[in-house]
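Since the structure comes first, as structure tokens, the remarks are kept for the end.
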Amino acid sequence: MRQISQETYQAIKNFLDQFLEELVQEYKARKLKEFETAKEYLTRSSSQGRLKPFQSAMIPIELLLINEFERGLSTRLGNTFEECARLLALDYHKTAIRQYNLTTQVSRSAYAEAEKQKEYYEHLVTNKSEKISFNQMAKRVVDAGKKNDLETVTLRVDLYVISQDGKEYFFEMKAPKPNKGQCLEVTQRLLRIHAIKQKLPPQINSYYAMSYNPYGSSREDYKWSYARNYMPFDDMVLIGEEFWNLIGGESAFEQLLNIYREVGEEKRKYLIEALAFHSP
1 MRQISQETYQ
11 AIKNFLDQFL
21 EELVQEYKAR
31 KLKEFETAKE
41 YLTRSSSQGR
51 LKPFQSAMIP
61 IELLLINEFE
71 RGLSTRLGNT
81 FEECARLLAL
91 DYHKTAIRQY
101 NLTTQVSRSA
111 YAEAEKQKEY
121 YEHLVTNKSE
131 KISFNQMAKR
141 VVDAGKKNDL
151 ETVTLRVDLY
161 VISQDGKEYF
171 FEMKAPKPNK
181 GQCLEVTQRL
191 LRIHAIKQKL
201 PPQINSYYAM
211 SYNPYGSSRE
221 DYKWSYARNY
231 MPFDDMVLIG
241 EEFWNLIGGE
251 SAFEQLLNIY
261 REVGEEKRKY
271 LIEALAFHSP
């Protein structure tokens, strides 16, 4: 089993610790006012739409603050995945860059073909026809490229990695339950990468990366119908362990989750005291 370096372990831990601390301070600063009477509460206003009269009437203010904190944590946790992936990749690969801008010239025909392939895939799904693979779609995009219709474009990718043997990886790191529109949009974005690079796997590899599987430990457990139907799931999507172990080597997912757990254990008492016993 490959062990991540002590330097990377500490960098990830420090990053998560700071992330949690900044979030706690933000929510501690929020001034939640006790529910006094129904008449009084109904005179209140909130420019951010945070009034919850029925919850506030029944739930102690400390629990309301903890509930808001949990929602905020869940919303922003995705940002931590990108940074942790970058740190793990730097420990295992040659290069890793977050929010990478791919700026270069591309054939207009190839770029247009990426959109056509997205629309064609949706057509196949709608008509319940046999779907094509992502690699087939990417090949059609690359084959459509010309040298006399170039334009300069910039495409931003969540994470860009170059392996030790020079292979390039482009990842869109998104939630594990995308809607139909998100599935089709990401498919087109990844196809555009092949339009730009004019190469196919294994030299150029592009994936929709899901940081975890909400249904279980195996790929077969995953049941979200939009993702399975509205994108070439089998060869375009990496889930949980598949993604993290590609990024950081064997057992990277397990080791990363243990770091999250370690930070949570160390912060447990602090979180309860800082939020549950916060005086507005």
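If you use full-length UniProt numbering, the sequence shown corresponds to residues 1 to 280, in order. Think of the CB as a built atom: it goes at the ideal place given N, C-alpha and C, for glycine as much as any other residue. Keep in mind that this is a model prediction, so the values were computed, not measured.
Please report the Cβ distance between residue i and residue j, rounded to the nearest whole angstrom; I am assuming they are in contact, meaning their Cβ atoms lie under 8 angstroms.
i, j, result
"I171", "A209", "In the sequence as presented, Ile is not what sits at residue 171; that position holds Phe. Indeed they touch by this definition, with Cβ atoms about 5 angstroms apart."
"R86", "S251", "That pair is no contact at about 19 angstroms."
"E115", "F15", "Contact flag wrong, Cβ pair sits at about 37 angstroms."
"K13", "V263", "6 angstroms"
"S133", "D234", "7 angstroms"
"P201", "N135", "6 angstroms"
"V186", "K199", "Not quite, the Cβ-Cβ distance comes to about 19 angstroms (not below 8 angstroms), so this is no contact."
"E62", "A276", "5 angstroms"
"P176", "N213", "7 angstroms"
Please go through the same chain and pick out, in chain order, the residues whose beta-carbon is closer than 7 angstroms to the beta-carbon of residue i, but skip the five residues on each side of it.
i, result
"E36", "none"
"F19", "T80"
"Y215", "D221, Y222 and K223"
"residue 304", "Residue numbering for the chain in the displayed model covers 1 to 280; residue 304 lies beyond these limits and cannot be assessed."
"residue 286", "Residue numbering for the chain in the displayed model covers 1 to 280; residue 286 lies beyond these limits and cannot be assessed."
"K267", "L20"
"N179", "Y226"
"Q188", "A114, E115 and K118"
Output needed for residue i: all residues of its chain with C-beta closer than 8 angstroms, excluding positions within five of it in sequence on either side, in chain order.
i, result
"S279", "With a pLDDT of 46 at S279, under the threshold of 50, the modelled position of that residue is not reliable, and the figure given next carries that caveat. Nothing meets the Cβ criterion."
"E122", "L184 and Y230"
"D165", "none"
"Y207", "Y169, F170, F171, E172, L190, M236, V237, L238 and F243"
"I59", "N67"
"A112", "A144"
What residue range does the alpha helix (DSSP H) around residue i cover?
i, result
"Y270", "A252 to L271"
"L124", "R108 to T126"
"E22", "Q6 to K28"
"F134", "F134 to D143"
"K39", "A38 to Y41"
"R228", "S225 to N229"
Closer than 7 angstroms: is that where the CB of residue i sits relative to any heavy atom of the ligand GDP?
i, result
"L155", "Within the structure as shown, the ligand GDP is missing, as the structure has no ligands at all."
For residue i, which residues of its own chain have a beta-carbon under 6 angstroms away from its beta-carbon, when the five flanking residues on both sides are left out?
i, result
"A110", "V141, A144, G145 and A195"
"K147", "none"
"L88", "I247, G248 and A252"
"K39", "none"
"E34", "I61"
"S211", "F81"
"V24", "A274"
"P232", "S133 and F134"
If you follow the beta strand (DSSP E) that residue i is part of, which residue opens it and which one closes it?
i, result
"I239", "V237 to I239"
So that I know if they touch, is there some Cβ in chain B lying closer than 8 angstroms to that of residue i?
i, result
"M1", "Protein chain content of the structure displayed is limited to a single chain, and chain B is not contained in it."
Cβ pair count under 8 angstroms reaching 3, the region 152 to 161 against the region 100 to 117:
Yes, the region 152 to 161 is in contact with the region 100 to 117.
Below 8 angstroms, how does it come out for the region 188 to 202 and the region 104 to 119: are there three or more Cβ pairs, yes or no?
The count of Cβ pairs closer than 8 angstroms, one atom from the region 188 to 202 and one from the region 104 to 119, reaches three, so the stretches are in contact.
When the Cβ atoms of the region 42 to 60 are set against those of the region 215 to 230, are three or more pairs found closer than 8 angstroms?
Output reads no: the region 215 to 230 does not touch the region 42 to 60.
Tell me whether the region 19 to 33 and the region 66 to 78 touch, counting them as touching only if at least three CB pairs, one residue from each stretch, are closer than 8 angstroms.
Using a C-beta cut-off of 8 angstroms, the region 19 to 33 makes contact with the region 66 to 78, since at least three inter-stretch Cβ pairs fall below that distance.
Meets three-Cβ-pair contact criterion under 8 angstroms: the region 73 to 83 and the region 141 to 152
Output reads no: the region 141 to 152 does not touch the region 73 to 83.
Please go through the region 153 to 223 and give each complete alpha helix (DSSP H) segment of 4 or more residues, from N-terminal end onward.
For the region 153 to 223, whole alpha helix (DSSP H) runs of length 4 or above, ordered along the chain, are 180 to 197.
Pair every Cβ in the region 115 to 128 with every Cβ in the region 55 to 62, then say whether three or more of these pairs are closer than 8 angstroms.
Of all C-beta pairs linking the region 115 to 128 to the region 55 to 62, fewer than three are shorter than 8 angstroms, placing the two stretches out of contact.
What ranges does the alpha helix (DSSP H) occupy inside the region 44 to 95, keeping only unbroken runs of at least 4 residues that lie completely in it?
With a minimum length of 4 residues, the continuous alpha helix (DSSP H) runs that stay inside the region 44 to 95 are 53 to 58 and 61 to 92.
Would you call the region 162 to 178 and the region 256 to 271 in contact, with 3 or more CB pairs under 8 angstroms?
Segments in contact, no.
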